[in-house]
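Q:
Chains as they are written, first to last, in the numbering used here: chain A, 2 to 169; chain B, 17 to 417.
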């Protein structure tokens, strides 16, 4: 009984020490984690039906950082990887996934994708009016530190694929 | 008693250690809070500073300017005054090699199409005709990551490779005008550009990009009222275009006294079987004119559809109305679909065979041709409503938690 009490007394300061160390570690900030945006994007693209030929750009592409502005005006420092599939023939269809360094930037990233959709609608209204409606139906989704965009008349399957990634 | 004192003594180091750890934790929390506050404050300051820098460096202060701006985030409108000045002075010594080549190509075009004694309007129309006949759209402008080259937005590339994006058409047209001493400006919004040209002291809009497929003058020398139907721009920066003397639609409009005069003209255009744009200037005081026009256009649309179905051809009608000189000016375009690719007999048979393979037990092959000319079985209205349902109107936003 006495030994047990002694052990308890030794454990309390030890636990306090561990807690203090944890709190100190918290000061150094956190690094993002989560699903790979390229894998999520590929799964969404695979799930999608009726898409035309798509070109793909990712954060791992040679000019990935330089070309990111075609998708979003978000500061690239806040981006921890992205996937961007777009119609090679110049129609409106797009599937994009951005992984953010911090979940707190999700609202800003969604706002930038809304601007992207508005710009595409403006462009199509002039050059390909029949595509403007498709672009205008773009869906912007978020889940943790992932933000996604789906522009497709048949967007149910890719949206479900994005949602399924959160469940796994 | 002595035992209790000893116990207390043995606890003393532990109590001190616990106190130190508690102080450490409190200090850690305080430091974390302070750091968080500082980061938030610095973040806010950096955002403000970035906004100020972008105002100064990128000129994103929304002050409209003619040159040095990008259209569609990609195509820069650049001045070509050095080239036109060199043409007028005959001295190209200040030009670089590319500018010299541009001057050479543009001069050759003007030598070919401009004759002595032409008026400013005739010169402008000659350039419009040449550009519509010899240039074509550069594809890829609507691809999310554009595939067009920078050359297609500059007169050098446009004249060399004969294809252009809107900025290329607009800057090349302006180059020609400035070479001939006709005042001209490139107008732009965020996704499109065209020209404003000054003839005898009045401005007119000309959008060659929109006409290059047909050369039908539908966007040639428009006043503001006509141009506003499918263009928007900063009207406080660019000069007003109110001229009628060279306004193509106004000068070529058929003067009618009411909507009932229109069907005969449309029938004639349909019988010609070629895409045509007709202009009607309606001189009427009928207070029900607007309602009568709506009814007329609805019935004409239906008549054109049935005419096209009967002839087994593609034919669409679209129209717009603008107030010009205090009267409604109606622009009606009859698109006879010459540009669309038609299927070869072999392609048509292959499609029919594939459908027969799948539905041969219940389908007799009728309806594939003629009828309403719709290869998809006719019920496009239903298909359209399904698409509407999927799209759901405006851009949506879904958050999964």
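Ideal placement from N, C-alpha and C gives every residue a C-beta, glycine not left out.
If we call anything under 8 Å between Cβ atoms a contact, is residue 317 of chain B one with residue 331 of chain B?
A: It is not a contact, given that the beta carbons lie outside the stated cut-off.
Q: Look at the alpha carbon of residue 42 of chain A and the alpha carbon of residue 112 of chain B, and state the distance between them as a whole number of angstroms.
A: If I take the Cα positions, the gap works out to 47 Å.
Q: Between the Cα of residue 120 of chain A and those of A/67, A/51, A/71 and A/154, spot the shortest distance and give me the residue it belongs to.
A: Among A/67, A/51, A/71 and A/154, the Cα nearest to that of residue 120 of chain A is on A/71.
Q: Output the residue ranges of the alpha helix (DSSP H) runs that lie fully inside the segment 236 to 283 of chain B and measure 4 residues or longer, sorted by chain position.
A: Runs found: 240 to 243 and 264 to 267.
Q: Beta strand (DSSP E) containing residue 115 of chain A: first to last residue?
A: Unbroken run through residue 115 of chain A is the alpha helix (DSSP H), 107 to 128; no beta strand (DSSP E).
Q: Considering only residues of the same chain and omitting the five flanking positions on each side of residue 87 of chain B, which have a CB-CB separation below 6 Å?
A: Closer than 6 Å at the Cβ level, and outside the excluded window around residue 87 of chain B, lie 183, 204 and 209.
Q: Going by the CB atoms, is the gap between residue 199 of chain B and residue 259 of chain B shorter than 8 Å?
A: Taking 8 Å as the Cβ cut-off, residue 259 of chain B and residue 199 of chain B do not qualify as a contacting pair.
Q: Alpha carbon to alpha carbon, what distance is there between residue 348 of chain B and residue 122 of chain A?
A: Going by the C-alpha atoms only, they are around 25 Å apart.
Q: Going by CA-CA distance only, name the one from B/269, B/223, B/282 and B/376 that's closest to residue 340 of chain B.
A: If we check each option's Cα against that of residue 340 of chain B, B/269 comes out closest.
Q: At the level of alpha carbons, what is the spacing between residue 201 of chain B and residue 233 of chain B?
A: Looking at the two C-alpha atoms, the distance is approximately 19 Å.
Q: Which ranges would you report for the beta strand (DSSP E) in the segment 89 to 168 of chain B if only whole runs of at least 3 residues count?
A: As far as the segment 89 to 168 of chain B is concerned, its whole beta strand (DSSP E) runs of at least 3 residues are 91 to 93.
Q: Just how far apart, CA to CA, sit residue 174 of chain A and residue 370 of chain B?
A: Given a span of 2 to 169 for chain A in the structure shown, any question on residue 174 of chain A remains unanswerable.
Q: Along the chain, where does the alpha helix (DSSP H) that runs through residue 190 of chain B open and close?
A: Run containing residue 190 of chain B: 182 to 195, per the alpha helix (DSSP H) assignment.
Q: Can you say whether residue 150 of chain B is buried or exposed, counting buried as having 16 or more other CB atoms within 10 angstroms of its CB?
A: Answer is exposed; the Cβ neighbour count stays below 16.
Q: Go ahead and pull the three-state DSSP assignment for residue 230 of chain B.
A: Residue 230 of chain B: coil per DSSP, three-state reduction.
Q: Nearest to residue 255 of chain B by alpha carbon, out of B/89, B/42, B/31 and B/80?
A: Residue B/80 is the option with its Cα nearest to residue 255 of chain B.
Q: Listed from N- to C-terminal order along the chain, which residues in the segment 61 to 73 of chain A have their beta-carbon within a distance smaller than 7 Å of any beta-carbon of chain B?
A: Within the segment 61 to 73 of chain A, the residues whose Cβ lies closer than 7 Å to some Cβ of chain B are 68 and 71, listed in chain order.
Q: Buried or exposed for residue 127 of chain A, please, with buried defined as at least 16 other CB atoms from any protein chain shown within 10 angstroms of its CB.
A: Label assigned to residue 127 of chain A: buried.
Q: Is it right to say residue 314 of chain B is buried, meaning 16 or more other beta carbons lie within 10 angstroms of its own, or is it exposed?
A: Answer is exposed; the Cβ neighbour count stays below 16.
Q: Taking residue 81 of chain A as part of the beta strand (DSSP E), name the residues at either end of that continuous run.
A: Note, residue 81 of chain A: beta strand (DSSP E), 80 to 88.
Q: Note down the Cα distance separating residue 223 of chain B from residue 185 of chain B, rounded to an integer number of angstroms.
A: Rounded to the nearest angstrom, the two C-alpha atoms are 8 Å apart.
Q: Can you confirm whether residue 295 of chain B, when its beta carbon is compared against all beta carbons of chain A, has any partner nearer than 8 Å?
A: Answer no: the Cβ-Cβ gap between residue 295 of chain B and chain A never drops below 8 Å.
Q: On the CB-based measure, 16 or more other CB atoms within 10 Å of its CB, does residue 245 of chain B come out buried or exposed?
A: Counting Cβ neighbours within 10 Å, residue 245 of chain B comes out exposed, since fewer than 16 surround it.
Q: Against chain B, with Cβ distances strictly below 8 Å, would residue 104 of chain A count as a contact?
A: For residue 104 of chain A, the answer is no, since every Cβ of chain B falls outside 8 Å of its Cβ.
Q: I want to know whether the segment 128 to 146 of chain B touches the segment 63 to 80 of chain A - three or more CB-CB distances under 8 Å.
A: Short answer: they don't touch.
Q: Note down, in chain order, every chain A residue with its Cβ under 7 Å from the Cβ of residue 208 of chain B.
A: Under the 7 Å cutoff, chain A gives 127.
Q: What does residue 301 of chain B pair with, by DSSP beta-bridge criteria?
A: Paired residue(s): none; residue 301 of chain B is not in a bridge.
Q: By alpha-carbon positions, which one of B/281, B/157 and B/375 ends up nearest to residue 181 of chain B?
A: The shortest C-alpha separation from residue 181 of chain B is found at B/157.
Q: Apart from the five residues on each side of it in sequence, which residues of its chain come closer than 8 Å, Cβ to Cβ, to residue 138 of chain A?
A: Same-chain partners within the cutoff: 152, 154 and 156.
Q: Could you give the distance in angstroms between the alpha-carbon of residue 89 of chain B and the alpha-carbon of residue 159 of chain B?
A: Their Cα atoms are separated by approximately 13 Å.
Q: Is there at least one non-hydrogen atom of the ligand GTP closer than 7 Å to the beta-carbon of residue 135 of chain A?
A: The ligand GTP is not part of the structure shown, which contains no ligands of any sort.
Q: Near residue 292 of chain B, what residues of its chain come up, given a Cβ to Cβ distance below 6 Å and the 5 sequence neighbours on each side ignored?
A: The residues are 285 and 350.
Q: Mind listing the chain B neighbours of residue 87 of chain A? Cutoff is C-beta to C-beta under 9 Å, in chain order.
A: By Cβ distance, chain B contributes 159, 160 and 161.
Q: Can you tell me whether residue 331 of chain B is helix, strand or coil according to DSSP?
A: Residue state, collapsed to three classes: coil.
Q: Going along chain A, which residues have a C-beta under 8 Å from residue 88 of chain B?
A: Neighbours of residue 88 of chain B on chain A, chain order: 124.
Q: Using beta carbons (cut-off 8 Å, strictly below), is residue 52 of chain A in contact with chain B?
A: No, residue 52 of chain A lies away from the interface with chain B (no Cβ there is under 8 Å from its Cβ).
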